[in-house]
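The structure appears right after this line, and notes come after that.
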Amino acid sequence: MSNKADHRGKPQCSHDVASRRPVTAHIHWPHFAWKVLCKITLDHCMRVLSKSTQPDKRIRMTSTLRRWLIMTVLSISGGIIFLLPFLQEVYYIPMAQALNLNNTEVGSLMSIFGVTAMISYFPGGWLADRASPRKLITTSLLSTGAAGLYFATFPGYEMSLAIHAFWGVSITFLFWGAMIRVTRNWAPPDEQGRAFGILETGRGFGEVLSSMAFLAVFAALGSGDLALSMVITQFSALFILLGILAWFVLEDEVDQSHDAGEKLKIGLREIISVLKMPIVWLIATVILTGYSAYWGLFRFTSYATDIFALSVTIGAAISVGKMWLKPVAALMAGFIADKFGIARSVAWLFVFLIASYVAVAVLPGKSALVPVMLFMVAIASLAVFAMRGIYFALLEEGGVPLAVTGTAVGMISALGYTPDIFMPLLGGILLDNFPGATGYRYFFLTTAAICGVGLLASLLIYLKIVKKRSGESET
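See the structure below:
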């Protein structure tokens, strides 16, 4: 992606034959006037929209409209691309019945996806620094959708394992690093918070709305094998459609520096330099602890039903309510973080998380305290989703070079998303060994302690930023 915007007003379609013909026919004036009016209105709307978020030199966009199309495709794709491998979270029993699998075999599908995904994070980040994001994201969406179409036929267990292993590669190796890199390149340095906040907001809406729509289809078709196959087919078709849109909307090149310098070849020396950056390890710690807090949210539903004796329906309503908080929290966090600083905002979010998890842990399971419990759950959910919306913006504030964004994201993600491995196991062990309220208390207190580590890491990042800025001001 070039650093210099094209202000020369060149036409975008050089093949417009009609525009090169001499005007010999009569002009249809009402139609011509309508086109002019639409063009003026569209230009005015684009000028209004562009006032809030102007691209800096590193963003080469033919129009503001295309810039927002990029974010739309990116956020919707990022919101739904994980839904196929995580299909069992919503359709566990129908999926097991359709594939004729036992619980262990269904669990192994998620395990093999987790293994290949974890292995793919780092090389995928390295690839994102070297390859065209348009080609990476398009290939990811098309291949993920194609594999989904085959999975909709309900193949055997071995082939289902292979498909889930493939999804781990097609999503994390091809898509994840490219998505973060394009998002960072989408906005200038002082608007990184809102860029990632908008991304997470779009991901949240894409996930919730598509899940609700396809769940309605599943219910309307009778909730059987055919219904599940149709849901998988629709998800897959949506991936393919987004892949086609990505090919025409995304840019082929991404700038590798803020100052339009020469492109940096990402080799072993650059990888080692990333691994030696303390800021990268601190950001990885922030994401690991913040993602652990995200896993902590999963226990609130069973906590409400087991300890406060709420119905399963109310427990499900709590889960749905948390989903709707995600886009709202992420968008607000993005704009607030740009005003007050990313690291400082993350630190305050950890404070809210520690307070809410400790409060839930010590709260007696009495019906009169249900409103207090729900309030604490809402605070924790808002803090987690707000943090998820901005913590990758620490790359910019922490001074990680744009040229190695993908490599840094790969390393950070490989470490930061390890809670996928240990948090479910931690919760299971604590609840099995300490039944009832005691197990939940230990789990939430442990989660609060993990958030304490995240608070320390975010404060260290903040101090490094303050020290760097004070040094720059003195010079």
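Position one of the sequence shown corresponds to residue 360 (our numbering), numbered consecutively onward.
We put the beta carbon where it would ideally sit given N, CA and C, even for glycine.
Nothing here was measured: the structure is a model prediction, and the numbers come from that model.
{"Query": "Expected contact under 8 Å - CB spacing of residue 711 and residue 742 to nearest Å", "Result": "4 Å"}
{"Query": "Distance cut-off 8 Å: residue 440 Cβ against heavy atoms of the ligand PLP", "Result": "This structure does not include the ligand PLP; it has no bound ligands of any sort."}
{"Query": "Endpoints, the alpha helix (DSSP H) within which residue 494 is located", "Result": "492-510"}
{"Query": "Under 9 Å between C-beta atoms of residue 638 and residue 757", "Result": "yes"}
{"Query": "Spatially closest choice to residue 503 from 491, 529, 718 and 810, by CA coordinates", "Result": "529"}
{"Query": "Three-pair Cβ contact test at 8 Å for the segment 570-586 versus the segment 703-718", "Result": "no"}
{"Query": "Where residue 580 falls: helix, strand or coil (DSSP)", "Result": "coil"}
{"Query": "Presumed contact (8 Å Cβ cut-off) between residue 516 and residue 460, rounded CB distance", "Result": "6 Å"}
{"Query": "Terminal residues of the alpha helix (DSSP H) in which residue 545 lies", "Result": "536-545"}
{"Query": "Limits of the alpha helix (DSSP H) - the one that residue 756 falls within", "Result": "753-756"}
{"Query": "Limits of the unbroken alpha helix (DSSP H) element including residue 778", "Result": "778-792"}
{"Query": "CB contact flag (residue 606, residue 493, <9 Å)", "Result": "yes"}
{"Query": "Three-state secondary structure assigned by DSSP to residue 363", "Result": "Residue placement at residue 363 is poorly supported in this model, since its pLDDT is 40, which falls under 50; the coordinates still yield a value, given next. Coil at residue 363, not helix or strand."}
{"Query": "Helix, strand or coil at residue 759 [DSSP, three-state]", "Result": "coil"}
{"Query": "Closest by C-alpha distance to residue 526, when choosing among 491, 452 and 442", "Result": "442"}
{"Query": "Distance, residue 797 Cα to residue 732 Cα", "Result": "16 Å"}
{"Query": "Of the residues 568, 565 and 540, the one placed nearest residue 555, counting alpha carbons only", "Result": "540"}
{"Query": "Alpha-carbon spacing of residue 396 relative to residue 636, whole angstroms", "Result": "With a pLDDT of only 39 at residue 396, under the threshold of 50, the placement of this residue in the model should not be trusted, and no figure is reported."}
{"Query": "Which listed residue (538, 562, 506 and 822) has its alpha carbon closest to that of residue 609", "Result": "538"}
{"Query": "Proximity winner among 427, 721 and 748, relative to residue 560 (alpha-carbon distances)", "Result": "748"}
{"Query": "For residue 587, the three-state DSSP class (helix, strand or coil)", "Result": "helix"}
{"Query": "Of the residues 681, 455 and 432, the one placed nearest residue 567, counting alpha carbons only", "Result": "681"}
{"Query": "Buried/exposed call for residue 696, threshold 16 Cβ in 10 Å", "Result": "buried"}
{"Query": "Three or more C-beta pairs below 8 Å linking the segment 718-736 and the segment 773-786", "Result": "no"}
{"Query": "Selection from 463, 553 and 659 that minimises the alpha carbon distance to residue 716", "Result": "659"}
{"Query": "DSSP state of residue 686 mapped onto helix, strand, coil", "Result": "helix"}
{"Query": "Delimiting residues of the alpha helix (DSSP H) encompassing residue 472", "Result": "462-487"}
{"Query": "Distance CB(residue 522)-CB(residue 509) smaller than 9 Å", "Result": "yes"}
{"Query": "Stretch-stretch touch, CB-based, cutoff 8 Å, three pairs: the segment 792-807 with the segment 646-657", "Result": "yes"}
{"Query": "Whole-angstrom C-beta distance between residue 820 and residue 753, which should lie under 8 Å", "Result": "6 Å"}
{"Query": "Three-state secondary structure (DSSP) of residue 695", "Result": "helix"}
{"Query": "Own chain partners of residue 736 with C-beta closer than 6 Å, once the 5 adjacent residues on each side are dropped", "Result": "659"}
{"Query": "Chain-order list of residues whose beta-carbon lies under 7 Å from that of residue 507 (same chain, five-residue window excluded)", "Result": "443, 591, 594, 595 and 598"}
{"Query": "Anticipated Cβ contact below 8 Å, residue 604 with residue 432, distance rounded", "Result": "5 Å"}
{"Query": "Residue 769 vs residue 565 beta-carbon contact at 9 Å", "Result": "no"}
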